[in-house]
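Below is one structure, written out as structure tokens; comments come after it.
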Amino acid sequence: MSEAGRRGPLGELRALKRTGLDGDPGRVRALLAELTDPLDLEAAGRLVGGAKQRAALDGTGSFRQTRIAFLASSTIDPLPPMAVAVLAREGVTARTRTAGFDQWRLEILSGAPTLGDLAPRLVSCLLDERAVLAEVSDLLDLESVERRCAGFADELKDWAHRCREVLGGTVVLTTVPLSQRVRARIVDYAGRARLAAAWHRMNADILALAADDAALVVIDSAGLDTPTTAADDRIRHIAGHAFSPHFLHAYAEELARVARADLGLARKCLVLDLDHTLWGGVVGDDGVGGIRVGGSYPGSAFSEFQQVVRDLGRQGVMLAVSSKNDEEIVEEAFASHPEMVLSRQDVLAMRADWRPKPDNVSEIARELNIGTDAMAFVDDNPVERGLMRHLLPEVAVPEMPEDPSGYALFVARAAGLDLLRLTEEDADRSRMYRAQNDREELKEGADSLEDYLHALESRLSLEPLDELNRDRLVQLFAKTNQFNLTGRRYGTDDIARLVREGGAFYTARLADRFGDNGLIAALALLPGPEGSWEIGNIVMSCRVFSRDVEHAIVSSVLRAARRHGASAVTASFTRTDRNAKFDGFYPEVGFTETTADPAQGTRRFHHDLAEVPAAPTWITITHGEESIDAL
């Protein structure tokens, strides 16, 4: 056995910490992926979560950063390092801070003296039954318990509003578990049912809080994958723990999904193997009639998996196939097997050949115009999974269960597809991809790029911020990396604050002869000094690159600014690791560079509005500058 094998994942992580985590960040993630025990994850989080270790991983350029504030009604000391470890496994470094024991109310009501300067992106509040029942003097008085339960969700709603005022960020609440210890003290079944009914209604009211609040996420604690919820009774008495290590681990996993979604890192594409993954058997050996899907087990398990995959596709997850197979027989299987749930039309990109699967995944990413870090790879073969992790470590590779009966739930939970909110653009992604194929065919047949652009018949409209486009606008700022001119990522609370200070936000929608591309860009306008306007940031989806949409947007802004009497429009460009190709954008649209800060990679620009460039002739602006109000 090798030295690394004798040390185990934790021992190797300790060794890497001594030599520097930045030396092999991919190995750090792989080692964290091997850890499943909650106590091991807690230890690993403490190894990789220090300021020096975070800085080392951040310096590799392959990690994103987040900040999480933790509040609770019980002791949760193991939770922050568990969350740090799980997030680092997913390519995110997390700076965390925890309020004192049972200080969840007081910390916020007193203006967040402990957590305030963290400026968290996420605020996690994990409550146990004591947060509800501490104000009930007699737990056998079920009328008092019912009244307390009936009002608790409204109390949490007010608390969350105050929390955002003092901390900002997205608030993450959970439903409150009810322990057997409380249930068991009631001797009659009718009384237990009455208590349970009141508790379920309270938790339903808590879940309903997220329906109308884009800055609030509610996790259903009953849906967490954990063998136990309550802490060991001795630990509860000695240390004030309410939750078991297994529950805290399951919660850390769920919080990591929320954090990734908040950063715009949700996976967009599921790349599927076929033999023994999407169906049972090997189609090349067994023939189309010999593969197992539908009917009794194990065919029923593969049918269930296909149903889940199809539903993921209906919500905008792009489905692709990479299988070591002959394409002709694969096409026959999709077309002719009577129990096949997925159709060939559900699959946006097909690679049935004998090439290495990492090569196919990279090629699929280019075809779909997404990064490989937006992909998840599902394969029953551990050798193929290991090769993918080694050659494309940024691709999510769930460690599949041995029994196909577990495929459906496992992949839905482990592939990293979670979103804070499903937008119209998310749900319509597959249709938009097919329309993009039609555009590419038109482009190949055009005599020139300009002829192609005119033939598209593009129509652009600017839409002011409202309740209908708010989620998409926040999502665009969160996840757009290439055309993101400053790297600023405005969250819900940032937007509300800037609007109060006189700023304005807009989305841009693009349609053409092949259909609606959806909301493809977001714009922040801020009041500047001496009557000027400032473009706080512009972000734009990569799917509309090379059509000069960004030129049309800025042209609309400049004309609106001149019409409203602005003295000038200013803007800045800050180089990130993804936006370098657009560093000349502002000079292209008539801006003059005024200052530069090489250390920060920031350049400042000014437009005097004397000559405003016209929008590209191949784009019709159906709603443009007239939608932009004075600042």
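Under the numbering used here, the very last position in the sequence shown is 1438; numbers go up by exactly one each time.
Note that CB positions come from ideal geometry on N, CA and C, so glycine has one too.
Here's the rule I'm using: 16 or more other beta-carbon atoms within 10 Å means buried, otherwise exposed. How should residue i be labelled?
i: residue 1071; result: buried
i: residue 1152; result: exposed
i: residue 1306; result: exposed
i: residue 1282; result: buried
i: residue 1440; result: The chain is shown only over 808 to 1438; residue 1440 falls outside these bounds and no answer can be derived.
i: residue 1165; result: buried
i: residue 1302; result: buried
i: residue 1244; result: exposed
i: residue 1048; result: buried
i: residue 1062; result: buried
Out of the options, state which residue places its alpha-carbon closest to the alpha-carbon of residue i.
i: residue 958; options: 972, 940, 1312; result: 940
i: residue 1102; options: 818, 1045, 1111; result: 1111
i: residue 826; options: 839, 859, 850, 846; result: 859
i: residue 856; options: 883, 868, 841, 821; result: 821
i: residue 899; options: 1045, 1067, 1158; result: 1067
i: residue 909; options: 1235, 882, 1027; result: 882
i: residue 845; options: 1341, 829, 817; result: 817
i: residue 1426; options: 1264, 1323, 1295; result: 1264
i: residue 983; options: 938, 945, 965; result: 938
i: residue 1052; options: 861, 927, 1040, 1035; result: 1035
i: residue 1291; options: 1194, 1007, 1386; result: 1386
i: residue 976; options: 1296, 1133, 1428; result: 1296
i: residue 1199; options: 1208, 1418, 1122, 1163; result: 1163
i: residue 1224; options: 1406, 1185, 1257, 1238; result: 1185
i: residue 1405; options: 1105, 1382, 1396; result: 1382
i: residue 1434; options: 951, 1360, 1208; result: 1360
i: residue 1026; options: 1014, 1037, 1019; result: 1014
i: residue 1352; options: 1289, 1330, 1335, 1310; result: 1289
i: residue 1039; options: 1030, 988, 1079, 1147; result: 988
i: residue 1256; options: 1424, 1044, 840; result: 1424
Pull up the DSSP beta-bridge partners for residue i, would you.
i: residue 1270; result: 1314
i: residue 1330; result: 1313, 1345
i: residue 1428; result: 1267
i: residue 929; result: 875, 977
i: residue 1411; result: 1379, 1402
i: residue 1323; result: 1318
i: residue 1087; result: 1099
i: residue 1079; result: 1128, 1185
i: residue 1392; result: None; residue 1392 has no bridge partner.
i: residue 1291; result: 1346
Excluding the five sequence neighbours on either side, which residues of its own chain have a C-beta within less than 6 Å of the C-beta of residue i, listed in chain order?
i: residue 1089; result: 1082
i: residue 932; result: 878, 911, 980
i: residue 1115; result: 1215, 1219
i: residue 814; result: none
i: residue 1441; result: Nothing about residue 1441 can be read from this structure; the chain reaches only from 808 to 1438.
i: residue 1137; result: 1159
i: residue 1364; result: none
i: residue 1374; result: 1337, 1338, 1339
i: residue 1192; result: 1186, 1204
Taking 8 Å as the limit between beta carbons, can you name the residues of its chain near residue i, skipping five residues before and five after?
i: residue 809; result: For residue 809, the predicted model reports a pLDDT of 48, less than 50, meaning its position is unreliable; a value from the coordinates is still stated below. So no residue of the chain qualifies.
i: residue 1394; result: 1400, 1412
i: residue 835; result: 820, 823, 828, 855, 864, 895
i: residue 985; result: 936, 1002, 1003, 1006
i: residue 779; result: One cannot answer for residue 779 here, as it falls past the ends of the chain, which runs 808 to 1438.
i: residue 1471; result: This structure leaves residue 1471 out entirely; the chain is present only between 808 and 1438.
i: residue 1246; result: 1263, 1319, 1321
i: residue 1358; result: 1395, 1396, 1420, 1422, 1423
i: residue 1194; result: 1163, 1164, 1165
Between which residues of its own chain and residue i is the CB-CB distance below 7 Å, once the five residues before and five after are set aside?
i: residue 1059; result: 886, 889, 890, 893
i: residue 1276; result: 1270, 1314, 1326
i: residue 949; result: 998, 1001, 1002
i: residue 971; result: 978, 1022, 1300
i: residue 915; result: 966, 969, 970, 973
i: residue 1120; result: 1126, 1153, 1237
i: residue 1057; result: 1031, 1032, 1033
task: Could I get the ranges of all uninterrupted alpha helix (DSSP H) runs contained in the stretch 1125–1163, with 4 residues as the minimum, in chain order?
output: 1134–1143
task: May I have a chain-ordered list of the alpha helix (DSSP H) segments no shorter than 4 residues that lie completely inside the stretch 1189–1220?
output: Counting whole runs of 4 or more residues, the stretch 1189–1220 contains the alpha helix (DSSP H) stretches 1189–1198.
message: At 4 residues or longer, what runs of the alpha helix (DSSP H) sit wholly inside the stretch 894–980?
response: 911–916, 937–940, 949–974
field: Whole runs of the alpha helix (DSSP H) within the stretch 972–1034, excluding any shorter than 4 residues
entry: 987–991, 996–1015
message: Please give me, in chain order, every unbroken run of the alpha helix (DSSP H) with length at least 4 that falls completely inside the stretch 1035–1080.
response: 1040–1046, 1052–1069
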